[in-house]
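Asker:
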Amino acid sequence: MAERVFCVDFGTAYTKVALRRDPTADSTLLACAGADLDFWVPTVVTVDRCGAEPVVEFGHIAADRTAGGGIDRYTNFKRDLFTNPAPTAGAPSAPPLDALLGSDEFAALAAKYHVPPYQVAALRSMVGAARTLIAAPGERAVSLDATKQANAAKLAYHFFAWLRKQVLAACEKLGKTGLRFEDFPVRVAVPSLVPGDVADQPGCKLFRESLHRAGWPLHTERPFVAEPESNAVGVLTGATNALNVDRDKMLLGQMFGRGPLNTVVKGDKNHQTYRALVIDVGAFTTDLSSLWLDTGGNAFLFGTDGGFTVQQKSVARGVNNLDADVLAALSQAKREHLETMPRKDFINFQRAAYTDLNGIRPTGTGLGVIGGEGDRAAIDPCIAAFGSRLVDEVKAFCAEVKPGNMQELILTGGGANIPAVRNALIVAAQAHGGEFIRVHAPVARREKAGGPQIDGELKENFARGGSALGGASIYFETSYH
Ligand SMILES: Nc1ncnc2c1ncn2[C@@H]1O[C@H](COP(=O)(O)OP(=O)(O)OP(=O)(O)O)[C@@H](O)[C@H]1O
Ligand SMILES: [Mg+2]
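Just add 569 to the spot in the sequence shown (first one is 1) and you have our numbering.
Written out as structure tokens, the structure reads:
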């Protein structure tokens, strides 16, 4: 059991960090220094090799640097880390030495001789690093994906070492709490790309070593949590943690706010199955997930009786694709201006051009308004095409997953802020997923009424930070069940 935890949502584009400082405190997002929107940092690393010594930058500073001329810029390393490399044709799936070191038998032998797990992890990583020196003939044919994955693990190590400093600095700003934040364990929200336990994915094995080397103490029982599940838990609990302190048991009813899930887990013969359909429109990917539960009409205890059946699909389409289409549709002068502006300003453009529809007016450029009335004819078709592509994915996904007789729809991710996209997705999910008791989604500041009904309005911290907030929940501490 961990009474206090950090949860990191390792986003492809933005990383978000939440904290639960004690079991009855609500989970909160941490304000990382330099973040415009106080809780997220771009998942970007740059290495500047122009000087005598390479200079490595992270987060916001790295995000605003342009690659080229001696500067390498790394984005997307989360995706590379979680790609499952296919074995190269004709080559053994793993070099025999790796297979030995990674085997359950080896782990059991190490335990028998009291070799601590971190030394086993260090040995595996050392052998990986020395591959070129000790590889047997034929073993050098490591697949490109495997090389990319190993590089991604290295980048993840550097990024998480830097992130740890930011997070501990942010905790210091919380004032005199008397808490030893450096001892708090971490749980990380990761994609659920293969059936079974997320922690068993090859990417997680490498990631575990990166986190360990970066100094993060991992949560002993549940270091990884599936992103869709933590996202749904964050949204459905509103990041609250409620505990019966005398019995050390979580008060699920209070946490789920007496919503539909609460009715089902209490045991209701008329409502035996529950499904939350989660659509997370991110920067690089759109993640579709179904969290399904069958109680057979009996009272259900999470942990003791199991948990959700999670089915997920990641589609390689996100707001970055929309950005590319929009830039290509605008005039050359506007495109060049947008391409060179700092990321902070580009985010204002996204919000103004896709969500508020009023555009930005950069001073001293002579370009007038970008993304406003005059550009709607160029931008609106891009938004519609992006939405319609995602609608097709939602329909295909819903056709393959079981509905429940109590259902909620949850729309998160920066892209769910775009009203035209969000509305199209709600309509598609309702047409192909049945009736939803509640729809949780963000609503834009200046949005006019008239779209599909949204009865669970999500504020930005939930729309973007739901996975981090949910991962920090006591819901994931089985000893409180
Ligand atoms: N109101 C808005 N209107 C339009 N775009 C927005 C808005 N708010 C955020 N975005 C953009 O949505 C994108 C997705 O943000 P999000 O934080 O969901 O990414 P992520 O979680 O890192 O991505 P992924 O889920 O692919 O790993 C970003 O490009 C962000 O700038
Ligand atoms: Mg995301």
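Beta carbons are placed, not taken as given, at the ideal position from N, Cα and C, and that holds for glycine. Quantities reported herein were computed from a predicted structural model and do not represent experimental measurements.
1. Suppose you measure from the CA of Leu678 to the CA of Ser779; what does that come to, to the nearest Å?
2. Tell me where the beta strand (DSSP E) around Phe575 begins and ends.
3. Starting from the Cα of Pro797, find the closest Cα among Gly1040, Lys1028, Thr873, Ala868 and give me that residue.
4. Is Asn992 close to ligand 1? I mean its beta-carbon at under 7 Å from any heavy atom of the ligand.
5. Determine the extent of the alpha helix (DSSP H) in which Gln735 is found, giving its start and end residues.
6. Could you have a look at Glu908 and say whether DSSP puts it in helix, strand or coil?
7. Determine whether the beta carbon atoms of His1001 and Leu1027 lie at a separation below 8 Å.
8. Is the beta carbon of Gly772 within less than 7 Å of some heavy atom of ligand 2?
9. Measuring from the CB of Gly851, is there a heavy atom of ligand 2 at a distance below 7 Å?
10. Under a three-way DSSP split, which group does Lys681 fall into?
11. Which residues in the same chain have their Cβ closer than 7 Å to the Cβ of Val1012, if we skip the five residues on either side of it in sequence?
12. Any contact of the stretch 922-932 with the stretch 808-815, i.e. 3+ C-beta pairs under 8 Å?
13. Using the C-alpha atoms, what's the distance from Cys740 back to Ile630?
14. Going along the chain, which residues of its own chain have a beta-carbon closer than 6 Å to the beta-carbon of Asp578, five neighbours each way excluded?
15. Skipping 5 residues on each side, what residues in its chain have a beta carbon closer than 6 Å to that of Ala587?
16. By how many angstroms is the C-alpha of Ala668 removed from the C-alpha of Ala710?
17. Any idea what DSSP makes of Ala710, helix, strand or coil?
18. Please report the residue range of the beta strand (DSSP E) in which Ile640 lies.
19. Check the C-beta distance from Gly784 over to Ala730 and give it rounded, since I have them as a contact under 8 Å.
20. Whole angstroms is fine: what's the gap from Pro931's alpha carbon to Phe776's?
21. When you measure from the CB of Gly637 to every non-hydrogen atom of ligand 2, does any distance come out below 7 Å?
22. Could you tell me the alpha carbon to alpha carbon distance between Lys717 and Lys723, rounded to whole angstroms?
23. So, helix, strand or coil for Gly756, using DSSP?
24. Taking 7 Å as the limit between beta carbons, can you name the residues of its chain near Ala997, skipping five residues before and five after?
25. Could you tell me the alpha carbon to alpha carbon distance between Ile939 and Thr644, rounded to whole angstroms?
26. When DSSP labels each residue in this structure, what does Ala587 get in the three-state scheme?
27. Does the beta-carbon of Asp752 have 16 or more other beta-carbons within 10 angstroms, so that it is buried, or is it exposed?
28. Can you give me the Cβ contacts of Thr934 inside the same chain, cut-off strictly under 7 Å, excluding the 5 residues immediately before and after it?
Answerer: Result, derived from the coordinates:
1. 23 Å
2. 574-579
3. Gly1040
4. no
5. 713-741
6. helix
7. no
8. no
9. yes
10. helix
11. Ile1023, Glu1026
12. no
13. 21 Å
14. Lys585, Ala758, Ser1036, Ala1037
15. Cys576, Ser596, Leu598, Ala1037, Leu1038, Ala1041
16. Any reading at Ala710 is ruled out, since the residue's pLDDT is 49, under 50, leaving its predicted position unreliable.
17. Below a pLDDT of 50, predicted positions are generally treated as unreliable, and Ala710, at 49, falls in that range; the measurement from the model is reported next regardless. Coil at Ala710, not helix or strand.
18. 640-643
19. 6 Å
20. 41 Å
21. no
22. 10 Å
23. Checking the displayed sequence, the identity of residue 756 turns out to be Arg instead of Gly. In this structure, Arg756 counts as strand in the three-state DSSP scheme.
24. Val960, Val963, Lys964
25. 27 Å
26. strand
27. exposed
28. His906
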